[in-house]
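Under full-length UniProt numbering, the sequence shown has 522 at position 522, and the numbering climbs by one with no breaks. In this text, a Cβ means the ideal position worked out from N, Cα and C, and glycines have one as well. Below is one structure, written out as structure tokens, with a few remarks after it.
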Amino acid sequence: MLRWNNMKLGTKYSLSLIATIILFVVSTAIISILLLQINSGIDTLERRGDRSVTLTEMGSQFRSKDTRIADFITYKDQALIQEFEDKREDFNKLETDVNSEMDTDEQRKLFNQVIENDKIVNDLFLDGIVPAVNNGDIEQALELRATTIELRSETDDLLDELRGIVNKEREISANLAKDDASYTFIVLLIALVISIVSGAIITYFVNRRIQNQLKKVVYISDQIANGNLSVEKVDYYGKDEIGQLASSINAMRDNLKNVIKEITDVSLDVNSQSEELTQVSNQGSLGADQIAATMEQLSAGAEEQSSSSLEISHLINSLNSQILNTRDEGELLQKSSKQVIALSNSGKDNMEQSVHLMTEINHVVSQSVKNVKGLDHKAQDISKLVKVIEEIAEQTNLLALNAAIEAARAGEHGKGFAVVADEVRKLAEQVSDSISEITGIIQGIQTESNLVVTSLESGFEKVNEGNKQIGISRESFTSINNELLNMLTGIEKVTANLEDISTNSEKVRVSSEEIAESAEEAAAGIEQSTATAQQQSSSMQEISSSAESLASYSDKLQHIVRTFKI
Numbered sequence: 001m002l003r004w005n006n007m008k009l010g011t012k013y014s015l016s017l018i019a020t021i022i023l024f025v026v027s028t029a030i031i032s033i034l035l036l037q038i039n040s041g042i043d044t045l046e047r048r049g050d051r052s053v054t055l056t057e058m059g060s061q062f063r064s065k066d067t068r069i070a071d072f073i074t075y076k077d078q079a080l081i082q083e084f085e086d087k088r089e090d091f092n093k094l095e096t097d098v099n100s101e102m103d104t105d106e107q108r109k110l111f112n113q114v115i116e117n118d119k120i121v122n123d124l125f126l127d128g129i130v131p132a133v134n135n136g137d138i139e140q141a142l143e144l145r146a147t148t149i150e151l152r153s154e155t156d157d158l159l160d161e162l163r164g165i166v167n168k169e170r171e172i173s174a175n176l177a178k179d180d181a182s183y184t185f186i187v188l189l190i191a192l193v194i195s196i197v198s199g200a201i202i203t204y205f206v207n208r209r210i211q212n213q214l215k216k217v218v219y220i221s222d223q224i225a226n227g228n229l230s231v232e233k234v235d236y237y238g239k240d241e242i243g244q245l246a247s248s249i250n251a252m253r254d255n256l257k258n259v260i261k262e263i264t265d266v267s268l269d270v271n272s273q274s275e276e277l278t279q280v281s282n283q284g285s286l287g288a289d290q291i292a293a294t295m296e297q298l299s300a301g302a303e304e305q306s307s308s309s310l311e312i313s314h315l316i317n318s319l320n321s322q323i324l325n326t327r328d329e330g331e332l333l334q335k336s337s338k339q340v341i342a343l344s345n346s347g348k349d350n351m352e353q354s355v356h357l358m359t360e361i362n363h364v365v366s367q368s369v370k371n372v373k374g375l376d377h378k379a380q381d382i383s384k385l386v387k388v389i390e391e392i393a394e395q396t397n398l399l400a401l402n403a404a405i406e407a408a409r410a411g412e413h414g415k416g417f418a419v420v421a422d423e424v425r426k427l428a429e430q431v432s433d434s435i436s437e438i439t440g441i442i443q444g445i446q447t448e449s450n451l452v453v454t455s456l457e458s459g460f461e462k463v464n465e466g467n468k469q470i471g472i473s474r475e476s477f478t479s480i481n482n483e484l485l486n487m488l489t490g491i492e493k494v495t496a497n498l499e500d501i502s503t504n505s506e507k508v509r510v511s512s513e514e515i516a517e518s519a520e521e522a523a524a525g526i527e528q529s530t531a532t533a534q535q536q537s538s539s540m541q542e543i544s545s546s547a548e549s550l551a552s553y554s555d556k557l558q559h560i561v562r563t564f565k566i
């Protein structure tokens with residue numbers, strides 16, 4: 001406790017302010033880390049959603065290549081070979097994009113099997129079916145075609161299984177993102193409550209202790225200014241500004257008390273001497289012998305009075321010096337209080353910076369909501385693309401039906417054509433089934449995106465509540481600043497009281513000088529009376545006049561002294 005009392009007031013308030021700022025900085029750092037984790041979870045969710053879409057596109061490209069194989073066997077159009085190459089190139093690009101996204105051994109195993117099937121289909125078509133069709137060996141081409149159909153079915157199953165795994169991981173990521181958002185909100189509230197309550201408690205106790213000590217100092221200084229020197233000393237031990245001011249006021253109280261006692265004693269002596277002097281002047285007509293004896297007594301009394309007056313003058317000068325020192329200490333305390341107010345203003349500025357940081361956090365959460373909504377718009381665009389593919393599948397099915405009708409008309413010669421038409425019809429049906437699955441997946445993505453948007457918007461509202469709480473903290477700092485201004489007003493009052501004490505002390509000093517001058521005049525009158533008995537009458541009048549003047553000054557001095565209560 002003594003070490004705390006030895007600290008400057010500015011240091012005490014700085015420590016409480018620093019503790020509060022540290023609490024808010026730690027809270028802001030924790031919330032920032034948690035928000036970064038939420039952003040990371042959203043990025044993972046977006047990446048896995050893109051991976052699911054890419055796998056769906058790979059399935060579409062693979063089936064599209066299979067369609068080119070069937071069309072080439074049926075129509076023998078060489079342009080279909082180039083279309084097949086284009087589809088293969090598109091498939092390879094998708095393969096390159098998604099290959100690095102396979103996280104587990106199971107995913108890599110399924111994906112490698114898909115790539116292997118794609119290579120086999122490419123080799124069967126380019127090295128087997130194309131030469132067979134060009135050479136007119138349709139039977140061999142159909143046998144190879146049957147193999148590609150099996151590979152297509154197997155590849156579709158593999159891609160469906162791989163998509164299922166990816167979608168399950170995406171669902172897990174979405175749940176984790178929700179949990180992180182809820183946890184971040186809870187931590188935000190706890191951190192804000194702890195920071196606000198701790199800062200308020202620290203500042204309250206520091207300010208309360210300083211105000212209690214200042215109230216004691218102000219009370220005692222008011223009592224001294226009102227002339228009550230019997231008031232108890234300031235009970236405070238410390239080297240801070242309050243301790244220095246308390247020590248100065250205690251010293252001033254003791255010195256004033258001693259000076260007043262000395263003045264009282266001297267005043268009583270002066271009254272006694274003036275009465276004796278009056279009696280001597282009234283009895284001056286009794287004889288020259290009595291005058292001589294009386295003059296000797298008056299001379300001794302005048303010398304004693306002059307000595308006492310000089311002593312009073314020295315004491316008052318010493319008192320004036322101590323009062324000036326005390327006033328200087330009060331001015332130093334006033335400057336320190338202004339520095340404390342400056343520190344409080346700095347703390348309020350730091351609080352404004354905390355508000356700015358919370359606004360930036362608000363912006364980050366808002367941007368996350370916009371990104372997830374953008375993901376939902378992309379999913380809607382994919383839905384439109386799926387509808388276009390569905391229309392193409394319906395047209396393909398219609399073409400297969402027309403081809404079957406034409407094959408029936410051709411009779412025996414159209415059997416091969418009928419087989420191809422049937423395969424085209426099956427392919428169209430498979431495309432329709434795949435489109436239904438894709439539609440379901442996209443709807444799932446949109447549903448999850450909406451849930452994440454709802455969660456982030458809830459977090460956005462909670463961040464706004466955090467901004468309001470920081471605003472309340474800023475108002476608390478404003479209240480603290482107002483209390484500091486009140487404390488500065490009290491210090492200025494103490495300084496004004498010291499000025500009044502200095503003025504009264506100066507009056508006492510002037511009175512003591514007047515008493516000394518009167519004593520000198522009385523001594524001169526006594527010497528003149530002793531020098532000649534012939535001037536006894538006039539000398540007695542001068543002595544009487546001087547005695548009355550001395551009594552008047554003595555009464556005036558006693559009146560001043562009575563304003564103090566010892």
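- Rounded to whole angstroms, N320 and V218 show a C-alpha spacing of 20 Å.
- By the Cβ rule, the region 18–31 does not count as touching the region 67–86, because fewer than three pairs are nearer than 8 Å.
- With the rule of 3 Cβ pairs closer than 8 Å, the region 53–65 counts as touching the region 417–436.
- Between I560 and K493, the gap from beta carbon to beta carbon reaches 8 Å or more.
- For the options N397, D157, D160, the alpha carbon positioned closest to that of V424 is the one of N397.
- Separation of the CB atoms of E154 and L94 is rounded to 18 Å, and the pair is thereby denied contact status at 8 Å.
- Around the C-beta of G440, fewer than 16 other C-beta atoms lie within 10 Å, and the residue is accordingly described as exposed.
- In its own chain, leaving out the 5 sequence neighbours on each side, no residue places its CB closer than 6 Å to the CB of V510.
- C-alpha of A421 to C-alpha of A403: approximately 6 Å in a straight line.
- DSSP places N228 within a strand segment (E or B) once states are collapsed to three.
- For L110 and N99, the gap between their C-alpha atoms comes out near 11 Å.
- Three or more beta-carbon pairs separated by less than 8 Å link the region 220–235 to the region 244–253, which places the two stretches in contact.
- Spanning the alpha carbons of E296 and E527 requires a straight line of approximately 9 Å.
- Taking the Cβ atoms as the reference, L124 lies roughly 30 Å from T104, outside the contact range of under 8 Å.
- In terms of Cα proximity to S502, the closest of T454, A225, Q273 is A225.
- Taken through DSSP and simplified to helix, strand or coil, V234 comes out as coil.
- Contact between the region 24–35 and the region 131–146 is absent: fewer than 3 CB-CB pairs across the two stretches fall below 8 Å.
- For N117, the uninterrupted alpha helix (DSSP H) segment begins and ends at 105–123.
- Taking a contact as a CB-CB distance under 8 Å, the pair I129 and A141 counts as one, their CB atoms being some 5 Å apart.
- Secondary structure at S195: helix, using DSSP grouped into helix, strand and coil.
- Around the beta carbon of V388, fewer than 16 other beta carbons lie within 10 angstroms, which makes this residue exposed.
- For a cut-off of 8 Å, the C-beta gap from E329 to Q244 is around 5 Å, short enough to register as a contact.
- Distances from the CA of E429 to each of K373, Q446, E412, L401 were compared; the closest alpha carbon is that of L401.
- With a threshold of 16 other beta carbon atoms within 10 Å, L229 meets it and is buried.
- In the assembly as shown, S27 is a buried residue. Its beta-carbon has 16 or more other beta-carbons within 10 Å.
- Nearest Cα to K12 within the set E171, E262, A496, F205: F205.
- In this structure I190 is not in contact with Q213, their Cβ atoms being roughly 35 Å apart against a cut-off of 8 Å.
- Closest in C-alpha terms to F185, from the list K426, E465, A70, T495, comes E465.
- Per DSSP, the continuous alpha helix (DSSP H) segment holding T96 begins and ends at 79–99.
- A distance of 8 Å or more separates the beta carbons of L310 and S14.
- Here the C-alpha atom of T96 lies approximately 21 Å from the C-alpha atom of L151.
- Per DSSP, reduced to three states, the secondary structure at K8 is coil, with no helix or strand assignment.
- When secondary structure is reduced to three states using DSSP, T563 falls in the coil class, being assigned neither helix nor strand.
- The beta carbon of S195 sits closer than 6 Å to the beta carbons of L23, F24, S27 from its chain, once the five residues preceding and following it are set aside; these are given in chain order.
- Of the candidates E499, A293, S346, the residue whose Cα lies closest to the Cα of A531 is A293.
- Note that the C-beta distance between L80 and R88 is not below 8 Å.
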